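Okay, structure first, notes after.
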Amino acid sequence: MKKFNFKAFFANHGEKLGFACGLLLVLAVVGTSEWLPFNKAPEEIIKKAKDAKDQIERNVWPEETKKGFVIRDFGQSIRELRGPLATSAYDYSTPLWQPLYRPQQLAKEPDYLAVVDLIAEAGDFVMAVAPKASESMPEESAAVASTKPAAAGDDNPFAPARAATTSPLGPGMAGAAAHGGPGAMPGGLSPAMPGEGAGAHGAASHGGSFGMPMPEGFGVGEYGGMSALAPGVKGRGERFISVRGVWPVYQQLSRYRQALNLQSVTDARALLELTNFVLERQTAVAASDPWSGEWQKIDIARATEILNECPDFDIDIFDPRLIDSTITMPLPKRLTGSWRDLATHPQIENFKLKGPELERELKFQERLMNEYNRLNAQAPKTVSRGGFNTVQQNFRKMSDSIYSNPESTRAFDSSMKTFMESDQSSAPGAKLNPADLKARMTAAERLFLFRYFDFDVRPGYAYRYRVKLELRNPNYQRQLDQVIDKSVAEGLTRETPWSTESTVAVVPETTNYFLRNVFRDPLHESVRFASRAIANLKIFQWDQTVGTMIADTIEVKSIGQFLGEKRKTFHLDVAKPSLLEEEVAFQTDDVYLDGLGDIRFSADDHKDLKIPADRKGMLGLVAEAVVLSELGELKAITPDTNSDREMDAQARVQNERAPFEKIKGKEATAPNPLDGGAFPGMMLQGGSGGTMMPGGAGTNKRGKAKPNPRKMAAGMMPGMMGP
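Take a look at the structure:
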């Protein structure tokens with residue numbers, strides 16, 4: 017055994033041993049296993065395998081599960097490792113140096129904003145009408161009116177001359193009546209749609225405010241609320257609809273700054289220029305939809321004509337920085353009352369100026385206009401401007417022109433300093449000071465007032481309005497490499513969107529009547545004389561020739577008669593002034609059809625009715641009449657129909673004539689200068705307290721009330737003043 021070679025044995029026979037061991041193991045397993053027959057058919061096995069395969073194919077991974085097994089692009093990671101190192105995560109948030117010129121960003125088209133909160137209200141007023149050039153003045157009047165050429169700071173010689181005394185109504189007086197309150201009809205009656213109510217040819221409640229003091233700011237200093245009338249000035253009634261809204265100018269400047277990539281709102285302000293406006297009107301029609309008619313563009317020629325006829329403008333009582341000479345119509349001169357809410361807007365109520373503030377502002381405007389002409393400052397004319405630029409001064413452009421030139425700025429500041437040192441204003445708060453000047457010249461606008469008086473309206477009609485503004489294109493003629501698209505630089509002007517429709521305004525009817533009595537008695541028709549009236553009515557009519565009310569009782573002589581009559585009645589002309597009995601014509605388009613009055617009977621024949629003895633043989637029936645309106649509507653009226661409206665109409669007539677009762681039946685004589693300019697017997701109501709005053713306030717040292725600096729005299733170019 018010692019010589020037996022195990023290594024050679026296993027090397028030569030190892031695989032045989034391994035095979036033998038494996039075979040023995042298999043035989044052992046087979047021999048020890050328990051063998052059983054398979055009790056299922058082969059088709060069942062195939063079906064089970066197929067079902068399992070189908071189940072696997074139907075199973076789909078949810079999307080959330082798939083996201084956990086996203087295939088990564090390791091190639092990108094390799095490229096990042098082999099490429100340059102990304103330094104963006106390690107950069108400084110603030111550049112270490114600033115370029116001398118910022119990179120020019122391309123300008124875009126700004127968003128344009130519309131006028132908001134458009135309001136329309138109807139009214140009427142007595143307008144001052146300047147004498148025509150062909151009308152000669154009396155010698156004594158001409159002597160009073162003539163003046164030598166005014167020096168800087170004096171009255172504008174191009175404006176209509178003024179007498180050296182105050183007007184019949186006196187500075188600071190409220191006037192005979194505040195015509196045309198919100199929604200007021202002529203005569204203080206508020207409007208109604210045709211056919212609404214019965215018994216009045218028109219409508220409703222009293223809208224005027226009579227004998228009230230003028231708003232704060234009128235009748236102060238040298239700029240009196242009712243300055244003296246120049247010789248030959250007359251009065252005329254005008255009905256109108258006042259359309260007002262506000263334009264958010266500061267928001268528009270912000271849109272400019274963003275679209276044009278400007279540094280500040282101040283830079284944007286230099287590019288903002290209103291050039292015109294488009295106002296459209298819609299008239300209510302008799303249909304299921306009263307506003308189904310077309311919009312019609314309004315021509316401002318009529319409004320411009322009215323403004324040119326006025327010898328002066330009334331003074332606005334709110335901050336003039338809200339006024340733009342293009343879209344804010346000035347206030348025509350009134351002979352009675354004040355514009356009150358018809359001239360302003362609820363959104364700018366907080367910008368009203370008190371008396372001293374208004375006096376200071378008017379003084380500043382006068383000095384600015386003088387210095388503008390003296391310095392020969394000329395604003396660059398970029399585009400022709402429409403609207404009301406031809407009738408009023410543009411103080412904003414004047415100040416911009418002066419302060420855009422350093423030399424003009426120094427000269428103006430020096431001149432204003434000299435003027436402020438010599439200012440002898442007696443009214444507290446009316447004196448100019450450097451702080452006021454700086455604030456006035458540098459304040460940024462927030463809102464502009466859009467205001468228009470539509471005089472081309474008809475009584476009894478209802479209207480509503482919409483407006484859009486026209487502006488100079490702030491990108492006009494820019495280089496093409498400075499704008500995002502060439503269309504941005506094309507076109508001289510741009511338009512804002514239309515405003516929303518205004519409130520509805522109804523123009524008052526001219527005439528209103530109320531039944532007094534009917535004299536027709538069917539039981540005794542045979543004894544009625546043909547010359548006797550069959551009915552009478554109280555009639556109130558607004559006389560457009562002078563702008564005041566006439567009122568009287570008219571008679572109806574026959575069925576089918578138009579309600580109207582020529583009668584001699586009191587007629588107020590506030591321009592003369594006079595309150596005389598004159599023949600006037602009351603006229604309506606309504607027709608009297610029939611009526612029934614009280615019936616006379618014999619109480620002895622009808623004792624069963626137990627009629628009171630104080631009836632004096634009358635049954636006690638209420639009179640009633642039927643009329644046919646101009647619109648073809650039948651209306652039944654009685655003496656009690658719309659009695660409140662009749663009281664309102666009567667109240668306006670009385671309050672309108674109250675200040676003139678002392679001259680009733682005669683014309684006022686020439687004013688006595690010793691009485692402060694008041695006409696003999698005239699009752700003058702003063703400023704805020706409504707007290708008696710002789711007039712004389714509101715004049716300069718020469719006794720002449722100064723004109724409104726805003727009024728541009730005929731023949732003058734914008735920004736010019738007389739020598």
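Residue numbers (my numbering): 17 to 739.
Glycine included, each C-beta is placed from N, C-alpha and C at the ideal position.
Just so we're clear, the structure is a prediction, and the values are computed from it rather than from any experiment.
Check, Outcome
"Which residue's Cα is closest to the Cα of G403: P264, G251, V483, I575?", "V483"
"By DSSP, does M663 sit in helix, in strand, or in coil?", "helix"
"Exposed or buried, S304, counting other C-beta atoms within 10 Å across all chains shown (16 or more means buried)?", "exposed"
"Between which two residues does the alpha helix (DSSP H) harbouring D70 extend?", "58-74"
"Between A639 and Q312, what straight-line distance do the alpha-carbon atoms span, to the nearest angstrom?", "46 Å"
"Can you list, in chain order, the residues of its chain with a C-beta nearer than 6 Å to that of L278? Leave out the 5 residues immediately preceding and following it.", "A284"
"Counting only the same chain and skipping the five closest in sequence on each side, list residues whose C-beta sits under 6 Å from that of R260.", "I135, H361, R467"
"Are A138 and V669 close, meaning C-beta to C-beta below 8 Å?", "no"
"Suppose you measure from the CA of A27 to the CA of L43; what does that come to, to the nearest Å?", "26 Å"
"Using 8 Å as the threshold, is the C-beta distance between L347 and F367 below it?", "no"
"For the putative contact between E289 and L595, defined by C-beta atoms under 8 Å, what is the C-beta separation to the nearest angstrom?", "Incorrect: roughly 50 Å between the Cβ atoms, too far for contact."
"Quick one: using the 10 Å Cβ neighbour count with 16 as the cut-off for buried, is E31 buried or exposed?", "exposed"
"Can you check DSSP and say which residues form a bridge with E50?", "E50 pairs with nothing; no bridge assigned."
"Quick one, are the C-beta atoms of E740 and D140 less than 8 Å apart?", "The requested residue 740 does not occur in the structure, where the chain is confined to residues 17 to 739."
"So, at 8 Å on beta carbons, what are the nonlocal neighbours of Y266 in its own chain, with the 5 sequence-adjacent residues on each side left out?", "V281, A460, E461, R462, L463"
"Comparing C-alpha positions only, which one of P306, E321, D470 sits nearest to S258?", "D470"
"What are the residues that DSSP puts in a beta bridge with I314?", "Answer is none; I314 lacks a bridge partner."
"How would you label M708, buried or exposed, when you count the other beta carbons within 10 angstroms and need 16 or more for buried?", "Unreliable positioning characterises M708 in this predicted model, as indicated by a pLDDT of 31, which lies under 50. The coordinate reading is nonetheless provided below. Answer is exposed; the Cβ neighbour count stays below 16."
"Using only alpha-carbon positions, find the residue among A300, S308, N292 that is nearest to D315.", "N292"
"Measuring straight from C-alpha to C-alpha, what distance separates I653 and A641?", "5 Å"
"Taking the alpha carbon of S345 as the reference point, which residue from Q408, L295, A505, D357 has its own alpha carbon closest?", "In the sequence on display, residue 345 carries Met and not Ser. It is Q408 whose Cα lies nearest to the Cα of M345."
"Starting from the C-beta of N724, find all residues in its chain whose C-beta is less than 6 Å away, skip the five residues before and the five after it, and write them out in chain order.", "D328, F329, I331"
"For S518, does the count of other Cβ atoms within 10 angstroms reach 16, so buried, or fall short, so exposed?", "buried"
"With DSSP as the reference, label L487 as helix, strand or coil.", "strand"
"At which residues does the beta strand (DSSP E) containing K582 begin and terminate?", "578-589"
"Using the C-alpha atoms, what's the distance from F428 back to R726?", "20 Å"
"So, A123 versus L276, is the Cβ gap smaller than 8 Å?", "yes"
"My output table needs one value for K250: the three-state DSSP class, helix, strand or coil.", "strand"
"Say whether chain C places a C-beta atom closer than 8 Å to the C-beta of D660.", "Any reference to chain C falls outside this structure, which holds one protein chain only."
"Comparing C-alpha positions only, which one of E649, L129, H587 sits nearest to Y272?", "L129"
"Do I555 and R536 have their C-beta atoms within less than 8 Å of each other?", "no"
"Per DSSP, what kind of secondary structure is F26 in: helix, strand or coil?", "helix"
"Over the uninterrupted beta strand (DSSP E) stretch that includes I570, give me the two end residues.", "564-572"
"Do you know how far the Cα of L644 is from the Cα of I575?", "11 Å"
"Helix, strand or coil: how does DSSP classify T425 here?", "helix"
"Residues in its own chain within less than 6 Å of P472 by CB, not counting five upstream and five downstream?", "What sits at residue 472 in the sequence shown is Asp, not Pro. Cβ within range, chain order: R318."
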